[in-house]
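Before any comments, here is the structure.
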Amino acid sequence: MAPAARARVLDAAGSGHDAVPFGLGGTKPKHFREMLRAAWQNRDNLPYAWKVLSQGVCDGCALGVAGFHDWTIDGTHLCLTRLSLLRLNTMPALDPRRLEDVQALRGWTNAQLRELGRLPYPMLRRRGDRGFHRISWDEALARSGSRLREADPRRVAFFITSRGVTNEVYYMAQKAARFLGTNHVDNAARLCHAPSTGAMKHAIGYAASTCSYRDWYGTDLIVFFGANPSNDQPVAMKYLHEARAEGTRIAMVNPYLEPGMRRYWVPSAPGSAVFGTPITDWWFPVRQGGDIALMYGVLRMLRDKGGLNDAFVADHTSGWDELVQELDRLDLAELECCSGLSRADFAEFADLLMGARNAVFVWSMGITQHSVGGDAVSMILNLGLARGYLGRAKNGLMPIRGHSSVQGGAEMGCYSTALPGGKAINPENVAALEAAYGFPIPSWTGLTAVEMVEACARGRLDVFYCVGGNFLRTLPEPDYVAAALSRVPLRVHQDILVTDQMLLEPGDEVLLLPAKTRYEQDDGGIETSTERRVMFSPELPRQVGEARAEWRILRDVAAAAYPERAEQLGCESGHSIREEIARVVPFYDGVQHLKKTGDAIQWGGERLCEGGLCATSDGKAHFKTISLPAEPAASDARNGARLFHVSTRRGKQFNTMIHQEIDPLTGAARDAVFMHPEDAAELHLARGDWVALVNETGRMEARVFPVILARGNLQVHWPEGNVLIRRGVVDGIGGVPDYNALVRVERL
Ligand code: SF4
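The sequence shown runs 39 to 786 under my numbering.
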C-alpha cells in the first residue's frame with residue numbers, strides 16, 4: 039500500500055485532467071493568453087515596457103532576475119506576475135482634477151483607483167477640504183519639514199512598503215528617520231518574514247537563506263512549509279521542474295494541497311507546457327497552526343528511530359539537551375491532536391528525512407503569519423539542524439520572500455528593531471553608527487508597523503510618513519485602521535499610485551508626494567533576492583509629471599526639517615548611497631561597483647554557515663526549546679456552535695493589488711470560502727451556497743468552495759478576510775499580525 043502522504047497526492051490527482059494535453063478542461067493559468075493581455079495593456083508604451091523587461095530587475099517577487107536572465111537557469115526567466123505589474127511602469131499620469139473631490143471616489147476599489155494613472159504632482163488636502171489640490175515641491179517640502187521640526191521625534195514614524203522600492207530607498211529612509219531623531223522606521227517585512235528574522239538570528243546568527251536556488255538541484259528532498267511558490271514565485275516552478283529531473287523529490291506541509299504545487303505547467307519547457315509536471319510527492323495536511331506539534335512529532339520519531347545527525351548535533355550545535363527534555367515531556371496523542379496528523383504521519387515524515395542525506399527546507403507566510411510564527415520557524419530550524427541540513431552543498435534553510443527586496447529592508451536598517459547590517463540597537467552599535475554618520479542616533483527601540491497604527495489610534499503620532507503600502511488593506515479590522523489613520527495631524531503618502539488609504543479624512547493635513555518607479559529612479563538601484571543576491575537595475579529614464587526618486591524625496595524632506603545640518607545626510611546621488619552602504623554594511627561591499635544589467639554580488643557566497651560554522655557568539659547553531667501552543671477551541675463555549683479555524687490566502691494578486699477576480703490556479707472567486715467537502719456535507723452545504731463566517735470581530739459573507747483541505751479548517755482570500763481577524767494579536771518574535779481566526783459558519 040502506498041504511504042499515506044504519497045497516497046494523498048495520488049488521490050488528489052483524480053480530476054482526470056492530468057493526462058489531457060494543456061490541461062484542457064481543467065483549472066490552470068492560461069500563460070499565452072495572459073502574455074497577449076499584458077501586451078495589450080501596455081500597447082501605448084510598448085518600447086518602454088520592453089526596456090523594463092529586458093533590462094530591469096523584476097519588481098515582483100524576490101526570486102530575482104535581471105532582464106530575462108537569472109543565476110539559476112539557462113533559459114528565459116519571465117512570469118505572469120511580472121507581466122501583471124508591468125502596467126505600473128508604463129501608465130501615464132492621472133488627471134489631478136480627479137482627486138479634487140474625494141467623495142466622488144468613495145467606494146472605488148483599489149483596482150479602479152489604480153486605473154486613474156500615476157501620481158504626477160505633490161498634492162495637499164487639509165481638514166475640511168473636499169479633496170486634494172496641486173502644490174509645488176517647495177511648498178510640500180516646507181510643510182513637511184516644518185511639521186517634522188516641530189514634532190517630538192518619538193511622535194514621528196516612517197513605514198516603507200515592499201512595492202518595488204530599492205535598497206537605496208530603504209537605506210535613505212532609515213538614515214532620514216534617525217537624522218530626525220526617531221527609530222520609528224519599519225518596512226513591509228514586518229508583515230511577513232519578521233519572525234524568520236528573529237528566529238534565524240537566534241539559531242544561526244544570520245537572517246537569510248543559508249543556501250542558493252542551485253542547491254535545489256539534485257538535493258534529495260525539498261520540503262515546503264506553508265509556502266506556495268506556484269502562486270507567489272512562479273519561476274520557482276521551473277526550478278522545481280528541472281530539479282526533479284536531477285532526482286529531487288518534494289514534500290509539502292500545508293493544510294491545502296495547492297493545485298499549482300501538485301501539478302504545474304511550465305510554459306517554456308515543451309513537455310511540461312503540454313502535459314504539466316507533477317511537483318509534490320508527499321503531502322502532510324497539517325492543521326492550520328499545527329506545525330509546531332507536527333515538527334515535535336517528527337523530531338520524536340527521528341530520535342526514536344536513530345535518525346538524528348549525531349555528529350552534526352555534537353560538533354556544531356548547542357541546546358539539544360533542553361530540547362530533548364521537552365520532547366520527552368510531550369505526549370504523542372497531544373501532538374496528534376494539535377497537528378491534525380497521526381503518529382503514522384510523523385513516522386513517515388521522519389523516514390523521508392532519514393532517506394535524505396541532503397535536503398532544503400523552504401517556508402513562507404503559512405508559517406510566519408501566526409501568533410506563534412517565530413516559534414514555528416524555530417521548530418523548522420530545529421528539525422533542519424537535527425538532520426544537519428546546513429553549510430553543505432544541496433542543503434539549506436530558506437525563508438522564501440514574496441516581494442522584491444524585503445530581504446534588503448532590514449539589512450539596510452529600515453527596521454524599528456535593528457540598525458544597518460541588521461545590528462541590534464545597543465549602545466555599542468549606536469555609537470558606531472553615530473561615528474559613521476556624524477549625528478546622534480536614538481538608542482531606544484522603535485515602533486513596529488502594527489504598533490505605529492496603534493499609536494495613530496491613541497493620538498501618539500504627529501507625523502506618519504508612508505512610502506507606499508496600504509494599511510487599510512493589510513492590517514486586521516479595517517474600520518479601526520481607518521479611524522486610526524484619520525487621527526494623525528500630518529499623513530504623508532509617498533507613492534506612485536492612488537490608494538484608498540490616501541482618501542481617508544485628514545487629521546489636519548494629508549500630503550501626497552509623487553515617486554518615481556525603481557526603473558525611473560536616478561542612477562538606478564539595487565535589490566536583494568531571497569538567495570542574498572544583490573542585483574543592479576539600471577536607470578531607464580522616464581519622467582511622469584514631477585515625480586522624484588524615492589530616496590531623493592526622503593532626503594529632501596529630512597533636509598527641509600533641519601537645513602542647517604542637511605549636509606550630514608550625504609547621499610546626494612544613487613552612486614554615493616551605494617558607496618555608503620558598502621561602508622556601513624560591510625557584507626554589502628561590492629555594490630558600489632555594480633553598473634549595468636546583470637551585475638550582482640551574492641553576500642555570504644553560495645552558502646552561509648559553510649562547514650557548520652555559524653555567526654553566533656560561539657559559532658554554533660542554537661536549538662530552541664519551544665512551548666507547544668494550546669489547541670484552539672473546537673466549539674463556542676457559549677452556545678456549543680462548531681468553530682472552524684479560518685486563515686487568509688492569496689490569489690492572483692501582488693500584495694494587496696488584485697489582478698484577477700478568479701484565481702487561475704484554483705478557479706476560486708474572491709468571495710470563496712475553501713472548505714473540505716465532508717465539512718460542507720456535515721453542514722448540509724453544497725458548492726456555491728452562501729454562508730456567513732462570524733466571530734466576535736466581524737462577519738464575512740462567502741460562497742462555499744469545496745477543496746481537499748485539512749478537516750476543520752477554512753481559507754478565505756486576503757485582504758477580504760481581514761474583517762474576521764482580531765487586531766493586536768501578533769507574533770511575539772517578529773510582530774507579524776496573526777492572520778487567522780476562529781469562526782462559526784452560518785448558512786444564508
Ligand atoms: S518569479 Fe518573481 S522575480 Fe521571477 S519574473 Fe516572476 S515575479 Fe519576477
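Glycine is no exception: its CB is placed at the ideal position from the N, C-alpha and C atoms. This one's a predicted model, so the numbers in the text were calculated from it and none came from an experiment.
Asked	Found
Anticipated Cβ contact below 8 Å, residue 263 with residue 405, distance rounded	5 Å
Residues of its chain near residue 510, where Cβ-Cβ distance is below 8 Å and the 5 sequence neighbours each way are ignored	516, 519, 520, 523, 537, 538, 539, 542
Residue 90 burial status per 10 Å Cβ neighbour count (16 or more: buried)	buried
Exposure of residue 84, with buried meaning 16 or more beta-carbon neighbours within 10 Å	exposed
Cβ-Cβ distance between residue 551 and residue 526 below 7 Å	no
6 Å Cβ shell around residue 700 - same chain, five flanking residues per side excluded	707
Exposed unless 16 or more other CB atoms sit within 10 angstroms - verdict on residue 315	buried
Per-residue burial, residue 787 [other beta carbons within 10 Å of its own, 16 or more giving buried]	Residue 787 is absent from the model: the chain starts at 39 and stops at 786.
Residue 491 classed as buried or exposed, judged by whether at least 16 other C-beta atoms fall within 10 angstroms	buried
Residue ranges of each alpha helix (DSSP H) within the region 572 to 635, 4 or longer	588 to 599, 612 to 622
Through-space distance from residue 286 to residue 651, alpha-carbon basis	26 Å
Residue 99 beta carbon near the ligand SF4 (any heavy atom closer than 6 Å)	yes
Residue 165 versus residue 501: straight-line alpha-carbon distance, rounded	15 Å
Whole-number beta carbon distance between residue 557 and residue 127, since they are thought to touch under 8 Å	6 Å
Contact check, residue 451 vs residue 212, beta carbons under 7 Å	yes
First through last residue of the beta strand (DSSP E) which encompasses residue 533	528 to 533
Residue range of the unbroken beta strand (DSSP E) whose run includes residue 434	434 to 437
Own chain partners of residue 268 with C-beta closer than 7 Å, once the 5 adjacent residues on each side are dropped	275, 296, 298, 299, 302, 703
Buried versus exposed, by CB contacts within 10 Å (16 or more), residue 464	exposed
Burial state of residue 722, where buried means 16 or more other Cβ atoms lie within 10 Å	exposed
Alpha-carbon spacing of residue 39 relative to residue 221, whole angstroms	Residue confidence for residue 39 is low, a pLDDT of 45 falling below 50, so the modelled location carries little weight; the figure read from the coordinates is stated next. Rounded to the nearest angstrom, the two C-alpha atoms are 59 Å apart.
Cβ-based burial, residue 54 [other Cβ within 10 Å; buried from 16]	Residue confidence is low: residue 54 scores 48 on pLDDT, short of 50, so the model does not pin down where it sits. Its coordinate-derived value is still stated next. Burial call: exposed.
Residue 356 - DSSP class collapsed to helix/strand/coil	strand
Rounded separation between residue 176 and residue 585 - CA only	13 Å
C-beta contact flag for residue 596 and residue 214 at 7 Å	yes
Straight-line gap, residue 565 to residue 97 (C-alpha atoms, nearest Å)	9 Å
Contact test: residue 103 Cβ vs the ligand SF4 heavy atom, cutoff 6 Å	yes
For residue 336, the three-state DSSP class (helix, strand or coil)	helix
Close-in-space but distant-in-sequence residues of the same chain around residue 761 (CB under 6 Å, 5 per side omitted)	736, 738
Any 3 or more C-beta pairs closer than 8 Å across the region 726 to 733 and the region 306 to 323	no
For residue 755, the three-state DSSP class (helix, strand or coil)	strand
Limits of the alpha helix (DSSP H) - the one that residue 666 falls within	No alpha helix (DSSP H) contains residue 666, which DSSP labels as neither H nor E.
Separation of residue 71 from residue 503, as counted between CA atoms	40 Å
Distance cut-off 6 Å: residue 90 Cβ against heavy atoms of the ligand SF4	no
Length at least 4, wholly inside the region 242 to 304: the alpha helix (DSSP H) runs in chain order	267 to 270, 274 to 283, 297 to 300
Completely contained alpha helix (DSSP H) runs for the region 649 to 729, where each covers 4 or more residues	715 to 720
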